[in-house]
Amino acid sequence: MAKAFDVRHQTGFAGIAMACFVLLYLPIVLLVVYSFNSGMSLAVWEGFSWRWYASAWDNDQVRSATMRSLVLALSATALATACAVPAALAMSRARRFKGQGLIFAMINQPLMVPEIVTAVALLIVFAAVKVATGYTGMGFLILAHAAFCIPFAYMPIKARLEGMDKQLEQAGQDLYGTPWRVFRRITLPQLWPGILAGAMLAFVISLDDVVITEFVKSAGQDTLPTYMLGQLRRVVTPEVNAIATMLLAISVVMVVAFFFLSKTKK
Amino acid sequence: MDFTALGGVSITVKDNEFFTLLGPSGCGKTTLLRVIAGFEYPTSGSVHLDGMDLLSLPPYRRPVNTVFQSYALFPHMTVAENIGFGLEMLNRPKKEVRKTVDEMLDLVRMTEMADRKTSEISGGQQQRVALARALAPRPKVLLLDEPLSALDYKLRKDMQLELKRLQAETGITFIFVTHDQEEALTMSDRIAVMNAGSVRQIGPPREIYDHPAERFVADFIGETNFVGAELLEIEGEGEGFARVRLSSGIEAHVQAPSGPVANGPVTLAIRPEHAWLVEEAQGLLKGKVENVVYFGTDTHFHVIVDGGDLFVLRHQNQPGQMQHLAVGDRVGLQIGRGAGQVLRD
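Chains as they are written, first to last, in this note's numbering: chain A, -6 to 259; chain B, 141 to 485.
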């Protein structure tokens, strides 16, 4: 019996697929493995130890960078999600309006404009503001991160809204619910998984950003990724591997949670 | 894109009436319902309820509730919460809400299901919850958008009676949308037959069935035979009779059309049960048997009437009685006095 077309039966498919996975995951596996190296080297295995995790934990710079990264990611996530929810509502619950396509493109701007361009642009604008106001706090980083996190928060929320039965909102209105009460009682309870998924995605994106952070941060405002970058320029020890492995763990947990949330049924 | 979903529709629904909008899909009946509910806004026209201009009100201020075709029950609420939603939005006191919800649960016989999630109950039960939810705030008008179409045959029959009972018990005006002519005939006080965005005829079920105004109505509701004839004279105004000459050359008295029709060629609508087979010489219409179809209780005779029109007759089978007619036999058709209807077209 003739089989339907199946890409797995193409010559060389298995080999290419395996090669791709090895290329993708081998470096990460090595990174994780060497974070447990008891020696100083990133290339010579000398035995298992928690040494570099302890070292990272005891390092004040790592601790403050971690705190800063978390505060930054949480604030940026909150801000980005707060912008993304009304944006998604306007794009999917309003009557079609003129310029809707343009607005869509503008919301998703960070996905299209090269990050380095945004970074330089922000550097210039924020430098002027810093000079004018004298303020050099975390505000700039939070604003910058919120800006590029918006599309990542926006997309899962929009997808959730599109998937929801619009007739339920009509039923709510039909039963004397004002638009605000219908939103609170009908739309929002069903939208939560989308909002949480968007927030998690935004959190992960903010947590591992280097380029924009590097350009926008003031002196002494290292986040975990920029701290690691700085370390690599000097002494490279498996401590960097240990930090990277922890970041990886957080991201994996978030992405898995995101995956399950976006699959939640209404 | 310019598209007139509804045009020239003028309907007056009486208080406490079971009014049905009947028509094929795409005829504009659901659009009309959505205009009344407030989900569509007409480019022109007006909708009044008790002297209140509905079009000036948003959907949540209109004393009108809808039973949606898909029920649109809130999936994150229980049955009782669904039913109480409207009253809660009207800011009624909690005690009153609970009391009304209990009454409604009782009315639709769902008391045991009060705390279930809406996904945990059957289609027929969801239907009853949707009804209770729409009735709970005691709307002036209840709109029903093909609420029975998702139910199986047996359940649909039960719900038809249930709906009639609920309407009688609550005294609320029902506007019911359906494409099912049988449903419309059995349940309605009056029916508006719609086609292609306009109302073709309004009247009680009997009038619509016995005196269809035009070919579309006659064809859409029940089975009808159409035969050509020549209109000679309309006797008396309004509900009178008309004298026509049939294709056999014989003159007959039939129902006059509902509107002005010029003398000359017209179409007659004759229900299958209003005609019977006779000897060719005694028939008002004469023709040739083209097909005989046995149905158990009935036998259907397909007769090609002289002039070329197809006429289908139903003959109820009697025990021991044989039909001796065969394909190709010449037969006559007799028609009850006043049974034929001259159509407006």
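From the three backbone atoms N, C-alpha and C, an ideal C-beta is built for every residue, glycine too.
Model, not experiment: these values are computed from the prediction.
At a beta-carbon threshold of 7 Å, the residues of chain B lying near Leu161 (chain A) are Ala212, Phe214, ordered along the chain.
The continuous beta strand (DSSP E) containing Glu391 (chain B) extends over residues 391 to 395.
Per the coordinates, the alpha-carbon of Gly148 (chain B) lies some 29 Å from the alpha-carbon of Leu371 (chain B).
Secondary structure at Phe(-2) (chain A): coil, using DSSP grouped into helix, strand and coil. Taking 7 Å as the cut-off between beta carbons, the residues of the stretch 164 to 175 of chain A near chain B are Ala164, Gln166, Asp167, Leu168, Tyr169, Gly170, Thr171, Arg174, in sequence order.
Interface annotation, Gln93 (chain A): not in contact with chain B, CB-CB separation never under 9 Å.
Distance from the CA of Glu363 (chain B) to the CA of Ser328 (chain B), rounded to the nearest whole angstrom, comes to 19 Å.
Interface with chain B (9 Å Cβ-Cβ cutoff): Ile179 (chain A) is included. Taking 9 Å as the cut-off, the beta carbon of Thr111 (chain A) is found no closer than this to the beta carbon of Ala195 (chain A). With three or more CB-CB distances shorter than 8 Å, the stretch 313 to 324 of chain B counts as touching the stretch 160 to 173 of chain B. Under the Cβ criterion of 9 Å, Thr206 (chain B) is counted among the residues facing chain A.
Short of 7 Å from the beta carbon of Leu65 (chain A), and not among the five residues preceding or following it, lie these beta carbons of its own chain, in chain order: Met131, Leu134, Ile135, His138, Ser199, Thr216. A Cβ-Cβ separation of about 5 Å places Met244 (chain B) in contact with Ile223 (chain B) under the 8 Å criterion.
DSSP, reduced to helix, strand and coil, places Ile361 (chain B) outside both helices and strands of the structure shown, so it counts as coil.
Within the same chain, Cβ atoms closer than 6 Å to the Cβ of Val197 (chain A) are found at Ser244, Met247, the five residues on either side in sequence being excluded. For Asp438 (chain B), the uninterrupted beta strand (DSSP E) segment begins and ends at 438 to 445.
For the stretch 211 to 242 of chain B, the residues whose beta carbon sits under 7 Å from a beta carbon of chain A are, in order, Ala212, Phe214, Pro215, His216, Phe225, Gly226, Met229, Leu230.
In this chain, the alpha helix (DSSP H) harbouring Ala270 (chain B) covers 263 to 275. For Gly170 (chain A), no pairing in a beta bridge is given by DSSP.
Taking C-beta atoms as the reference points, Gln160 (chain A) and Gly178 (chain B) fail to come closer than 9 Å. In the structure shown, the three-state DSSP call for Lys91 (chain A) is coil. Taking each of B:Ile361, B:Leu386, B:Pro400 in turn and checking the Cα distance to Gly380 (chain B), the smallest one comes out for B:Pro400.
Listed by position along chain A, the residues whose Cβ is nearer than 7 Å to that of Phe179 (chain B) are Gln163. Between the beta-carbon of Val269 (chain B) and that of Met250 (chain B) there is about 6 Å, and that keeps the pair under the 8 Å contact cut.
One alpha carbon belongs to Phe(-2) (chain A), the other to Pro149 (chain A), and they sit about 33 Å apart.
Of the candidates B:Ala466, B:Lys294, B:Glu309, the residue whose Cα lies closest to the Cα of Glu323 (chain B) is B:Lys294. Per DSSP, Val197 (chain A) has no beta-bridge partner at all. Under the three-state reduction of DSSP output, Gly337 (chain B) falls in the coil class, being neither helix nor strand. For Trp416 (chain B), the uninterrupted beta strand (DSSP E) run begins and ends at 415 to 418, by DSSP. Taken in chain order, the complete alpha helix (DSSP H) segments of 4 or more residues contained in the stretch 159 to 202 of chain B are 169 to 177.
Boundaries of the beta strand (DSSP E) harbouring Gln456 (chain B): 450 to 456, taken from the DSSP string. Only buried fits Ala392 (chain B), as 16 or more other CB atoms lie within 10 angstroms of its CB. Contacts with chain B at 9 Å (Cβ-Cβ) do not include Asp201 (chain A). Distance from Leu425 (chain B) to Val367 (chain B) at the Cβ level is roughly 7 Å; contact confirmed, criterion being Cβ atoms closer than 8 Å.
Here Arg411 (chain B) is not near Ala353 (chain B), since their CB atoms are 9 Å or more apart. Proximity of Tyr200 (chain B) to chain A, defined by a Cβ-Cβ separation below 9 Å, is satisfied.
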